[in-house]
Every structure is written in C-alpha cells, then in structure tokens.
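Q: Okay, here's the structure, questions in a sec.
There are 2 protein chains.
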Amino acid sequence: MFEILFSYFEKSFSLSEADKVIISSVLSERKLKKGEFLQREGEIVRYGAFVAKGFLRSYVIDNKGKEHIVQFAPDNWWISDKAGISEGIKASFFIDAIEDSDIILCDLAGHLTMMSKIPGYTALFQAGIQKRAAAKDKRIVHSLSATAEERYNDFLETYPSIVQRVPQHMLASYLGVTPETISRIRKLQSQKK
Amino acid sequence: MFEILFSYFEKSFSLSEADKVIISSVLSERKLKKGEFLQREGEIVRYGAFVAKGFLRSYVIDNKGKEHIVQFAPDNWWISDKAGISEGIKASFFIDAIEDSDIILCDLAGHLTMMSKIPGYTALFQAGIQKRAAAKDKRIVHSLSATAEERYNDFLETYPSIVQRVPQHMLASYLGVTPETISRIRKLQSQKK
DNA sequence: ATTCGTTCTTGATGTAGGTCAATGGTGACC
DNA sequence: GGTCACCATTGACCTACATCAAGAACGAAT
Numbered sequence: 001m002f003e004i005l006f007s008y009f010e011k012s013f014s015l016s017e018a019d020k021v022i023i024s025s026v027l028s029e030r031k032l033k034k035g036e037f038l039q040r041e042g043e044i045v046r047y048g049a050f051v052a053k054g055f056l057r058s059y060v061i062d063n064k065g066k067e068h069i070v071q072f073a074p075d076n077w078w079i080s081d082k083a084g085i086s087e088g089i090k091a092s093f094f095i096d097a098i099e100d101s102d103i104i105l106c107d108l109a110g111h112l113t114m115m116s117k118i119p120g121y122t123a124l125f126q127a128g129i130q131k132r133a134a135a136k137d138k139r140i141v142h143s144l145s146a147t148a149e150e151r152y153n154d155f156l157e158t159y160p161s162i163v164q165r166v167p168q169h170m171l172a173s174y175l176g177v178t179p180e181t182i183s184r185i186r187k188l189q190s191q192k193k
Numbered sequence: 001m002f003e004i005l006f007s008y009f010e011k012s013f014s015l016s017e018a019d020k021v022i023i024s025s026v027l028s029e030r031k032l033k034k035g036e037f038l039q040r041e042g043e044i045v046r047y048g049a050f051v052a053k054g055f056l057r058s059y060v061i062d063n064k065g066k067e068h069i070v071q072f073a074p075d076n077w078w079i080s081d082k083a084g085i086s087e088g089i090k091a092s093f094f095i096d097a098i099e100d101s102d103i104i105l106c107d108l109a110g111h112l113t114m115m116s117k118i119p120g121y122t123a124l125f126q127a128g129i130q131k132r133a134a135a136k137d138k139r140i141v142h143s144l145s146a147t148a149e150e151r152y153n154d155f156l157e158t159y160p161s162i163v164q165r166v167p168q169h170m171l172a173s174y175l176g177v178t179p180e181t182i183s184r185i186r187k188l189q190s191q192k193k
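Heads up: the sequence lines are chains A and B, in that order. Residue numbering for the first sequence follows the working numbering, beginning at 1 and increasing consecutively. Residue numbering for the second sequence follows the working numbering, beginning at 1 and increasing consecutively.
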C-alpha cells in the first residue's frame, strides 16, 4: 500500500531507498469500510490521511442540522482537518469513507520527520498548501457570485472523475444546493443538446 | 515603521536585537495612498505585505464585471496573493488601499531568511496558515448555507472593528450580497430593538 | 454657496432556487 | 423473490434576494 504513496511522491521528486524506509517507518496504514469514520467533529485530531484507494469526504453539520461537504478526497488525495497536520486540536469536521478505502495515516511526528529528512516532501507540501488556498479562494468567490448551474458546470470541468463516483445528493451538498436543483439542471442540459 | 511589525511579532515570541537587524535589512517599507494598487491581476507577484497602518483589500473581478472582495486587511494583518509568499507567479487578485496606508513588504528571499533565522517567525507563519485555512473553510460553508442576515451578523461578531471602517458596499461585496440588502438588514435590525 | 460625486435608503417588481409532497427506480438483505 | 431503505425525478408553490429606479444625505472641490 505504501507503493501507491511512493509513486505519488515520485511524480514530483525522486525517492531513495533510504527515504522509503523512513516513510514506511513513520506512517501507518488503515482500512476503512464504506460509511466508517476517520474522525468526528470534536474529537482530538491526530492524523492527516492520504487516500491510496477509495474515497473519503469531510463535512460539517450546521446548526440547522444540515450536512455540508467541505472536501472530497478520491485516490491520491490528502485529506485532513486543518491545512496540514497538527496535534491536540479539536476536529471541526467529520471525515468518513464514501467507498471502502485504503488510507495512509500521517501524524505530526511523521510529518515533521519527513519535512526534515526529505526535502522533496517539504516542497510538495508547501506547494500543496498554496494550491489549496487558491482553490478555496476560488470556491468562496464562486459560491458568492455564480449561479447553481455555473457552479455545477465548473465542478464538472474541474473534477470530471469525481462526478462519476459520488451520489448526487453529495454533489449537491458540496455545491450548496438541493438535490432537486441538481436534478433539474441535468434535465435542462440534456434537453439542450 | 518597523517598530509596529516588531511589536506585532513580540505578541507571539521575543525578538533579539540581532533579529531586528535581520528583519529590517530584509524587508522594505512603502506608503500607499487611498485607491493606490499594490498589485493588479495578472502582474507578477513579488511581495506579501504587512499592514502597519491603514487598510488594504484584495478582490477579483468576475466575468460579469463584478467585484468580489476576497480579504480585508486592517492594521496588523498580512495580505498576499497566495497563502504565503511566492515568486514569479501571476497575481490572481487586485490588491489596493482603502485608506492611506503604511505597509511593509516581504519578498520570497526575505521570507526564507526569516524562516531560517527566526524560529518564532516560522511558527507564527505556520499557525497563520492554519488559521486562515480554517477561516476559509468556515466562509465557504457559510456562503453556501447561511442567509444574508446570518452572514452579516456573523461578520459583525467576528470583525466588529472592520465594520466601522469599510463603506458598506464593500461589506456587501465581501458577503456576496447587494448594498441594498445590507441596508435593509440594518433597517430591520434597528427596528427590532 | 454650489456643484458634483459618492454612499445610503426605500419602494416596486422579477426570478433562481428552496421547500414540500408524490412517484418511481434500484440495490441490499432476509 | 419480496420487502425495505435509499436515491433520483418531477410538479406546485413560496421566499429570499437581485434588479431597476428614484430620491436623500453627506462630504470634497471649485
């Protein structure tokens, strides 16, 4: 299972055998069944997770009892509560598996070890932070200004592979609309063509 | 002007005289008149900025020609295009001054120097990244799920000092509503009491 | 003092998308 | 194979907010 993480890393930088030893000694593996939780809101956060296979999501429940999906994490994505990995912090999200999943857990110690010993990791991590921040800014602006249909189309373009895999009420929850609206948008668009 | 930055730092960690020398040799000062730009969309980004005095904002213009404010930065805040400071990247935002402002510029080299020589800075920077990421997540969820009035009230609570200083059409732009809506919300609330 | 620009207010009307409710499809489990 | 959840669809109606338009209040510039 670490092999998947290795080849993920090797898309950005090369790993020596020694690096691989460090990584596998410092991280741990876990399997999640569909529906199983990695963390619940309010629990103490210990790990960030890399999805080797499967599909996770993070979400919050607002004061009206409604779920709002914050992030999808299909294969080869990282998911964590805060940006990066911290420790002793209360989780603000729920994170659970949408499909049976194999994940790799990274705690703060592991993160720090990799940061100090594997420069490529540090660079990748920093770049990831920036990319995510930019994506969040874009999502904020979009959710404030774009129509439901625009957001839907944008999601299709940006994450075509995700659309296939999530039930559409989850897509609705991510986009901040009702499932009915997604249904109507799809109908409209199929008629247009 | 560096004094303001120093005391900002010293709220989190202590600075030696040597640290202060490093900092002031590596950063630069600048004044902006109200309305002046620090950067425009598409320009090459060189600096993150610390607002010593005054008020900046960042915003985008969408394809319908509408402005959307991404961030406000009053005294003692940082503002930058991406999370953190990078170089040779095209700006995705406009950043300009809402009031006459004194700012301190930090380029990538300065950032790296401080990261390597001043551990307190590194810690503060990391913590800042996390706080911002969490704030953005909250804003995303809010903008997808809360009503205009809820978002307005939340902004009042979270940033009471900012509300005083920005014209309300900018507040509207930040919240993703029209100025008319803000006006009506205010009227409603003043009647209630 | 007067003009002008800018911001804020208020009203009338339109519309995107939410809510509610009924119906049909589909897969899991006994 | 039938029952039972769960999910998507569709329609009728409603509401929050946008849009458009017309003043009012304020300060800055001449």
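Every residue, glycine too, gets a C-beta built ideally from N, C-alpha and C.
From the DSSP output, in three-state form, read off Glu29 of chain A for me.
A: strand
Q: So what's Gly88 of chain A in DSSP terms, helix, strand or just coil?
A: coil
Q: Nearest-angstrom Cα distance between Phe155 of chain B and Ser58 of chain B?
A: Each residue's Cα considered, the two are about 17 Å apart.
Q: Could you check whether the Cβ of Leu156 of chain B sits closer than 8 Å to any Cβ belonging to chain A?
A: For Leu156 of chain B, no Cβ of chain A is located within less than 8 Å of the residue's own Cβ.
Q: What's the gap between the Cα of Lys66 of chain B and the Cα of Ile85 of chain B?
A: 27 Å
Q: Specify, as a first and last residue, the run of the beta strand (DSSP E) that Asp137 of chain A falls within.
A: Taken as a continuous stretch (DSSP letters only), Asp137 of chain A belongs to no beta strand (DSSP E), being part of the alpha helix (DSSP H) at Pro119 to Ser145.
Q: At a Cβ threshold of 8 Å, is Gln39 of chain B touching chain A?
A: no
Q: Who are the neighbours of Leu108 of chain B on chain A, taking C-beta pairs under 8 Å?
A: Within 8 Å Cβ-Cβ: nothing; Leu108 of chain B doesn't reach chain A, min ~12 Å.
Q: When the distance is taken between beta carbons, is His68 of chain A closer than 8 Å to Ser14 of chain B?
A: no
Q: Please list the terminal residues of the continuous beta strand (DSSP E) segment that includes Tyr59 of chain B.
A: Tyr47 to Ile61
Q: Between Phe94 of chain A and Phe37 of chain A, how many whole angstroms is the CB-CB distance? I'm expecting something under 8 Å.
A: 7 Å
Q: With burial defined as no fewer than 16 other Cβ atoms inside 10 Å of the residue's Cβ, what is the status of Ala123 of chain A: buried or exposed?
A: exposed
Q: Excluding the five sequence neighbours on either side, which residues of its own chain have a C-beta within less than 8 Å of the C-beta of Val163 of chain A, listed in chain order?
A: Phe155, Leu156 and Leu171
Q: Can you tell me which residues form a DSSP beta bridge with Leu105 of chain B?
A: According to DSSP, Leu105 of chain B shares a beta bridge with B:Ser28 and B:Ala49.
Q: Assuming Ile98 of chain B contacts Lys34 of chain B under a Cβ cut-off of 8 Å, what Cβ separation, rounded to an integer in Å, is found between them?
A: 7 Å
Q: Out of A:Val141, A:Val166, A:Ala133 and A:Leu27, which one is the CA nearest neighbour of Asn63 of chain B?
A: A:Val141
Q: Which class does Val70 of chain A belong to by DSSP, given the choice of helix, strand or coil?
A: strand
Q: Verify the CB distance criterion: does Lys82 of chain B have a CB-CB separation below 8 Å to chain A?
A: yes
Q: In chain B, which residues lie less than 7 Å from Gly176 of chain A when you measure between Cβ atoms?
A: Within 7 Å Cβ-Cβ: Leu144 and Ser145.
Q: Can you name the residues of chain B whose CB is closer than 9 Å to the CB of Ser92 of chain A?
A: Ala134, Asp137 and Lys138
Q: Considering only residues of the same chain and omitting the five flanking positions on each side of Glu43 of chain B, which have a CB-CB separation below 6 Å?
A: Counting only Cβ-Cβ distances below 6 Å, and skipping sequence neighbours, we find Ala91.
Q: Taking only runs of the alpha helix (DSSP H) that begin and end inside the stretch 164 to 192 of chain B, which ones reach a length of at least 4 residues, in chain order?
A: The qualifying runs are 168 to 175 and 179 to 192.
Q: Output needed for Glu4 of chain A: all residues of its chain with C-beta closer than 6 Å, excluding positions within five of it in sequence on either side, in chain order.
A: Going by the sequence as given, residue 4 of chain A is Ile instead of Glu. Excluding residues up to 5 positions away in sequence, Ala52 lie with their Cβ nearer than 6 Å to the Cβ of Ile4 of chain A in the same chain.
Q: State yes or no: is the beta carbon of Ile129 of chain A nearer than 8 Å to at least one beta carbon in chain B?
A: yes
Q: Our contact map puts Leu56 of chain A next to Ile104 of chain A with C-beta atoms below 8 Å; I'd like the distance itself, whole angstroms only.
A: Not a contact, Cβ separation roughly 12 Å.
Q: Quick check on DSSP: helix, strand or coil for Leu15 of chain A?
A: Correct three-state label for Leu15 of chain A: coil.
Q: What is the C-beta distance between Met1 of chain A and Asp75 of chain A, in whole angstroms, given that I count them as a contact (C-beta under 8 Å)?
A: About 12 Å; that fails the 8 Å criterion.
Q: Using a Cβ cut-off of 8 Å (strictly closer), state whether His68 of chain A contacts chain B.
A: yes
Q: Between which two residues does the beta strand (DSSP E) containing Phe37 of chain A stretch?
A: Phe37 to Gln39
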